[in-house]
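Data block below; observations after.
Number of protein chains: 2
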Amino acid sequence: MTVRKLALADASFERSPGQEGDVWTGNVVDQRHGGPITIGYGRYGPGASLDETMAVDDVMIVLEGQLSVTTDAGTVTAGPGEFVYMPKGAKVTIRAHDAGAVTAYVTYPHWQEAAAD
Amino acid sequence: MTVRKLALADASFERSPGQEGDVWTGNVVDQRHGGPITIGYGRYGPGASLDETMAVDDVMIVLEGQLSVTTDAGTVTAGPGEFVYMPKGAKVTIRAHDAGAVTAYVTYPHWQEAAAD
Chain A
1 MTVRKLALAD
11 ASFERSPGQE
21 GDVWTGNVVD
31 QRHGGPITIG
41 YGRYGPGASL
51 DETMAVDDVM
61 IVLEGQLSVT
71 TDAGTVTAGP
81 GEFVYMPKGA
91 KVTIRAHDAG
101 AVTAYVTYPH
111 WQEAAAD
Chain B
118 MTVRKLALAD
128 ASFERSPGQE
138 GDVWTGNVVD
148 QRHGGPITIG
158 YGRYGPGASL
168 DETMAVDDVM
178 IVLEGQLSVT
188 TDAGTVTAGP
198 GEFVYMPKGA
208 KVTIRAHDAG
218 AVTAYVTYPH
228 WQEAAAD
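Taken in sequence, the protein lines are chains A and B. Be aware that the first sequence starts at 1, since it is given in this note's numbering, and climbs by one per residue. Be aware that the second sequence starts at 118, since it is given in this note's numbering, and climbs by one per residue.
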């Protein structure tokens, strides 16, 4: 695989698996490309939320809006340019604030393969 | 390791190893934290550039400014919210445009350990 530029326009969004909320994900690099990591973009509608037990290590970068991530240990809130690191095994609730949010994510290994296990 | 929020203010910047240019990196999560990936921020001065053969898979997200990444296959240019994916083994020249750039990066595995091999 060669060096690639990736932008939001490259993402084909699908509803995040296993939930009905206004949360959408679009991989731009994943298991189809032969490397070890998945890269993608996420979209959250106003107030949309997602409960997840992390099957992989997931780094979420907030590009627009704000998100809060809640675990047993408390809640962190991130805005543009900030990361939330969600290690494998963490049980999280991700909730967008009133303006919704656009995120990017990097996972190791590929989350779609881990979710299918 | 638990869920963590990470921001630019958490990064302690050091000159990028092996070069003398105005390019600075600051890990915020790495081999010290027990997970598989490194997360950090980068700063490039106006026009600053860096030649590198990638020791790890490296995803660079542009937060401010613009960067061009040149390989034998050509040049890609990325601005805020865009990624450049640089797979292990790629030979790259990263060059900031006139306004410099702020980036974030995620690497698998840990780049500091790979660079020390």
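For every residue, glycine included, the Cβ atom is placed at its ideal position computed from N, Cα and C.
For residue i versus residue j, is the C-beta distance shorter than 8 Å?
i               : j               : result
V120 of chain B : V23 of chain A  : no
L184 of chain B : Q136 of chain B : no
A207 of chain B : A165 of chain B : no
K122 of chain B : V76 of chain A  : yes
Of all the options the options, which has the alpha carbon lying nearest to the alpha carbon of residue i?
i               : options                        : result
M177 of chain B : B:A231, B:G217, B:E199         : B:E199
G138 of chain B : B:G157, B:D147, B:G162, B:I156 : B:G162
W111 of chain A : A:D10, A:K5, A:G35             : A:G35
R15 of chain A  : A:G26, A:V69, A:L63            : A:G26
A218 of chain B : B:G182, B:K205, B:T187, B:D127 : B:G182
Using the Cα positions of residue i and residue j, report the straight-line distance between them to the nearest angstrom.
i               : j               : result
P80 of chain A  : G191 of chain B : 30 Å
A124 of chain B : I37 of chain A  : 22 Å
M86 of chain A  : D57 of chain A  : 6 Å
T210 of chain B : D30 of chain A  : 24 Å
M171 of chain B : D98 of chain A  : 40 Å
E113 of chain A : D72 of chain A  : 26 Å
R43 of chain A  : E52 of chain A  : 16 Å
L63 of chain A  : T224 of chain B : 19 Å
H150 of chain B : A11 of chain A  : 31 Å
A195 of chain B : T103 of chain A : 17 Å
P109 of chain A : I39 of chain A  : 10 Å
Y222 of chain B : Y105 of chain A : 11 Å
K205 of chain B : A232 of chain B : 12 Å
A126 of chain B : Y158 of chain B : 10 Å
T187 of chain B : P17 of chain A  : 36 Å
For a contact defined as C-beta to C-beta under 7 Å, what are the partners of residue i on chain A?
i               : result
A124 of chain B : E82
D174 of chain B : G35, P36, I37
V193 of chain B : V3, K5
Which residues in chain B sit within 7 Å of residue i, going by Cβ to Cβ distance?
i              : result
V69 of chain A : V120
L63 of chain A : G198
Taking Cβ-Cβ distances shorter than 8 Å, what residues in chain B pair up with residue i?
i               : result
Y108 of chain A : P153, I154, Y225
A104 of chain A : I178, G198, F200
By the criterion of Cβ-Cβ separation under 8 Å, what are the contact partners of residue i in chain A?
i               : result
T204 of chain B : It is Pro, not Thr, that sits at residue 204 of chain B in the sequence shown. Within chain A, the residues near P204 of chain B are M1, T2, V3, G35.
A207 of chain B : T2, V3
Mind pulling the chain A residues with CB within less than 9 Å of residue i?
i               : result
A231 of chain B : Within chain A, no residue comes near A231 of chain B; the closest Cβ sits about 13 Å away, beyond 9 Å.
Residue i bridges to which residues according to DSSP?
i               : result
H70 of chain A  : Note on identity: in this sequence residue 70 of chain A is Thr, with His being the wrong assignment. DSSP output for T70 of chain A lists A:T75, A:T93 as bridge partner(s).
T103 of chain A : A:G42, A:V62
M171 of chain B : Paired residue(s): none; M171 of chain B is not in a bridge.
G152 of chain B : Beta-bridge pairing links G152 of chain B to no other residue.
L8 of chain A   : Bridge partners of L8 of chain A: none, in fact.
Y130 of chain B : With the sequence shown as reference, residue 130 of chain B is identified as Phe, and Tyr is not the correct amino acid for it. DSSP output for F130 of chain B lists no bridge partner at all.
G26 of chain A  : A:Y41
Answer yes or no: the CB of residue i versus the heavy atoms of the ligand SAM, is any distance below 7 Å?
i             : result
L6 of chain A : Absence of the ligand SAM is noted for the structure shown, with no ligands found whatsoever.
Who are the neighbours of residue i on chain B, taking C-beta pairs under 9 Å?
i              : result
A73 of chain A : T119, V120
V29 of chain A : V176, F200, Y202
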